[in-house]
Amino acid sequence: MKTALDLCEIDGGMPDEVGGKAANLGELVRAGLPVPPGWVLTTEAYRQVADGLGGALDELVAAGGSTGGTALAARARALLLEAPVPGAVREEILSRYAALGDDVPVAVRSSATAEDLPFASFAGQQDTYLNVVGGEAVLDAVRRCWASLWTDRAVAYRESQGVGHDRVRLAVVVQAMVDARVAGVMFTANPVTGRRREAVIDAAPGLGDAVVSGAVDPDRFVVDVATGEIRERHAGGAGTGAGTGTGVGAGTSAGMGAGRPCLTDAEARELAALAARVEDHFGAPQDTEWALDHRGTLWLTQSRPITTLYPLPESRRDGLRVYFSFNVAQGVMGPLTPMGLSAVRLFGAGGTALFGYGPADPLSGPPVMAESGQRLWLDVTTAVRSRAGRVILPRLLTLGEARAKAVLDGLAGDPRLSVVHRDLRPAVRGFARFARRVHAPARVFQALARPRAALAYTARVGEELEARLRVPDGATPAERIDHAVRTLRTAFPAVLSIMPIVITGYGLFALASRLCGTSMAELQDVLRSVPRNPTTEMDLALWELATRVEPEPFRTEPAEELARRYRAGTLPPTAQREIAAFLRRYGHRGVAEIDLGVPRWSEDPAHVLGVLSNYLRADRRRMEADGTAPDALFARGELRARAAVERAVSAARRRGPLRAALTRYALGRTRMYAGLRELPKFHAVRTLAAVRASLLAVGAHLAAEGGLEAPEDVFFLRLEEARAALGGGDLRALVAERRQVYERESRRRHVPRVLLSDGTEPETLLRPAGGHRDGVLTGTPASAGTVTGPARVVLDPVGAHLEPGEVLVCPSTDPGWTPLFLTAGGLVMEMGGAMSHGAVVAREYGIPAVVGVPDATRRVRGGQEITVDGAAGTVTLPAAPDQPSASTTSV
């Protein structure tokens, strides 16, 4: 490998030789875009120097980011700064610098192999030196660039992005400095709203490093790339005059002056046109750095992908589309495996068929389903643009995802999304088909008049599903895949037939509210501790299990060791027997359980055993004495529910005896059926677990044939790919690539609730609804009551520990989280609505809860004493936050 290359010799396929920054600069040169002249000292030069460091870098890699890694990084930096530059490399640097001219000022810039990647920019992690003059000064700057590969911040950033230290090398770019009149940065898509083809330009007089570092308040332009329309213009404090803002449509800036931006409108449009060329060349939105010299020539000094934008869902239809996150609705913020996505598409195909809109190919899922970021999205454009949809959709979202309702309400005034579907008949016909196919009239009649028959029907659904899930022991891999497709497509419509009974219960709850003249919010106590909820039954069974098992080794051993001992059959006898019985009943469940590709508790019981350990470590005597033990709370909740029913009946009686009788009847049915709300999902997850077990046998077959590395790899294929793989072929490289993407997406912290097909996240355009005002976060009331306690911020429930009375602050929840609720003093969720899973379970346990609190996991610090008011929907933070305590660590 050469130790130096001109920029014109480089292309985007050479990051291992020249690093990400230089590879992108080479691409810009090859595309004919204006780049200052220069050359690159390749990673070969760095390798030659690093080889002489006596193994210090190998020690750092072995440290793997432990505490000792910081000290080793400092040692590596010192050695690189002191290391002699090999003679041939030294001569290459000096001769190439001289070729640029006599004492030409240059920029000496780091270009790491792990830099400017599609998923991580590594912006600012390595060093750049400007206006370097003279050969010896260039040599010194090169050494400093090499050393900056091992700054503490660069080491920490690589670890946060899952990039191994052994994978990185450093090249150095040397370019002639631009004598800049104005310089800055330009995004080819709006990094705040996400809108594509909207250039955002920050500019300041002189060199652009002040803009990049944030040392100045730059002038800002927002320009529509397609039309050149300047949508926003703001003069910051970087120009010659005082910074004043001017709105869209203000007069053209004739030049720099008091209160005027340092770019003219014409120059901003020229930059936006350049942005379009850059993005078109790379095929993705770019974060660029640019300079405008005194002759009026534009130069590009850097381009890298914008890594913070959420990827766009693939669109099957033309025009602006509105997508709602299926993952957010299900309380699963992480990605889904490819097989998990296949399963949900089949579920969706079966569900939409009930309305008469089933897809021609069930494996492709209904047309309203789209993917991006390995997550599922629902195209709700038709609902947003129809009369019926604008009535129905907001009401559904109010119950399940209240913040999303506010986001969609904000789109109502967008002329691109005006109402075009005014005929109500298609919606009516669809709901009529659904009602007919799930036998809704008969189910509603049963629920009203024959409650025993209604409950017997729900039990029969489970029994019939159990029979449907069985696969003959001798089934071939092809037969197993066929069974999986058939089961996933037909099971969901079967379990949905329970919903008319559930809806009847909630409908009677609304009726009772009217009969007694009490709002539904005031009647929430009626919904405490309802029977027949499989999720609360599971949680209470786990708590009760903790009263029967031997306390050791649960109080001392970590969850992974307990799981190992359970699988080996070496736990104490009672624990071994009782845990096995619990997993026979609930082992199909898990965290992110809607993903067929995720192991169930029966496969990996570490999470359940960790929760069991937490229960055994709790001060049970104190909890029983003060009435905070979960079983006591549940029993007290049932008493409160009965008292709430009596209050409602008394209120109704003041309006007449018939109203009182109807109110008692209605609320009795409500409590009888409300817990069944969780049953369809319980059965759906049972289906996924059974299909998963069968597909593991398919994976074992493919692994034995050499097509996969391990049986579990089958979940990184789609169903149709698994079927095709039975004919032969090596899929290990495909699986490895998908695992890498999955792991990368698992680190993504932000997933929009709603996303437009032009990339806009509409939530960024909303004014905060209460937001963060005077130390108060505002969300949606979910479970009445007030609690003050230390916050515990948890991003992943696996391995999380929650002390009794702590307030659980999390992004969202599914049933896999709910064992934590038993010891939580309160609940705060970023997602959800009054009828979302976490809200329903919190009400049943009597835990004060607020949901739909934007950025709660960032705004609340672990260990802070916060107050949750579940009736008002507020979370009050301390006026002067305490320093983080042990509970700061997010799991």
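Per the working numbering, the very first residue in the sequence shown carries number 6; after that it's consecutive.
Glycine included, C-beta positions come from ideal geometry on N, C-alpha and C.
Bounds of any beta strand (DSSP E) do not take in Gly734, whose DSSP letter is neither H nor E. Val719 and Gly602 have their C-alpha atoms roughly 9 Å apart. Residue environment for Arg321: exposed (fewer than 16 other C-beta atoms within 10 angstroms of its C-beta).
Shown here for Ser153: same chain residues with a beta carbon closer than 6 Å to its own, the five before and five after excluded, namely Ser115, Gln131, Asp132 in chain order. For Pro316, the CB contacts under 8 Å within the same chain, skipping 5 residues up- and downstream, are Ser377, Gly378 in chain order. For the options Thr872, Gly867, Thr198, Thr862, the alpha carbon positioned closest to that of Ala854 is the one of Thr872. Annotation: Gly288 to Leu276 spans about 18 Å, alpha carbon to alpha carbon. Taking a contact as a CB-CB distance under 8 Å, the pair Thr193 and Pro290 counts as one, their CB atoms being some 5 Å apart. When rounded, the separation of the alpha-carbon atoms in Trp304 and Glu49 is 28 Å. For the 9 Å CB-CB criterion, Ala88 and Thr47 do not form a contact. Residue pairing by DSSP puts Leu813 in a beta bridge opposite Arg797, Leu832. Excluding sequence positions up to five before and after Glu766, its CB lies within less than 8 Å of the CB of Thr198, Gly199, Tyr315, Pro757, Val759, Leu760, all in the same chain and listed in chain order.
The beta carbon of Arg400 is closer than 6 Å to none in its chain, skipping five residues each way along the sequence. For the 9 Å CB-CB criterion, Val803 and His612 form a contact. Take Pro563, set aside five residues on each side of it, and no residue of its chain has a beta-carbon closer than 6 Å to its own. In summary, Met6 is exposed, with fewer than 16 beta-carbon neighbours lying within 10 Å of its beta-carbon over all protein chains present. Tyr134 has Val113 as its beta-bridge partners, per DSSP. Considering only Arg533, Glu22, Ser841, Ala445, the residue with the shortest C-alpha distance to Phe639 is Arg533.
Around the beta carbon of Asn136, fewer than 16 other beta carbons lie within 10 angstroms, which makes this residue exposed. The DSSP assignment places complete beta strand (DSSP E) segments of no fewer than 3 residues inside the region 859-887 at 870-874, 879-881, in order along the chain.
Using a Cβ-Cβ distance cut-off of 8 Å, the region 614-629 and the region 706-717 are not in contact, since fewer than three pairs of beta carbons, one from each stretch, lie closer than that value. Taking the Cβ atoms as the reference, Val812 lies roughly 20 Å from Gly838, outside the contact range of under 8 Å.
Here DSSP, grouped into helix, strand and coil, assigns Tyr328 to strand. With fewer than 16 other Cβ atoms inside 10 Å of its own Cβ, Thr481 counts as exposed.
Within the same chain, and ignoring the five residues on either side of Arg350 in sequence, the residues whose Cβ sits closer than 7 Å to its Cβ are Leu368, Ser369, Gly370, Met374.
Separation of Glu768 and Ala83 (C-alpha to C-alpha, rounded to the nearest whole angstrom) is 47 Å.
Per DSSP, reduced to three states, the secondary structure at Arg186 is strand. Taking the C-beta atoms as reference points, Asn538 is found nearer than 9 Å to Ala679. Distance check between Val781 and each of Ala665, Pro859, Ala666, Ala472 places Pro859 closest, using alpha-carbon atoms only. Under the three-state reduction of DSSP output, Thr232 falls in the coil class, being neither helix nor strand. Residue state for Arg174 is assigned as coil, using DSSP reduced to three classes. Under DSSP, Asp207 forms a beta bridge with Val190, Arg225. Straight across, the Cα-Cα distance linking Ala861 with Ala36 is about 44 Å. For the region 318-398, the full-length alpha helix (DSSP H) segments reaching 4 residues or more read 331-335, 343-358, 386-389 along the chain. Within the model, the alpha-carbon separation for Pro446 versus Ala708 is close to 49 Å. A Cβ-Cβ separation of about 13 Å leaves Leu325 out of contact with Arg202 under the 8 Å criterion.
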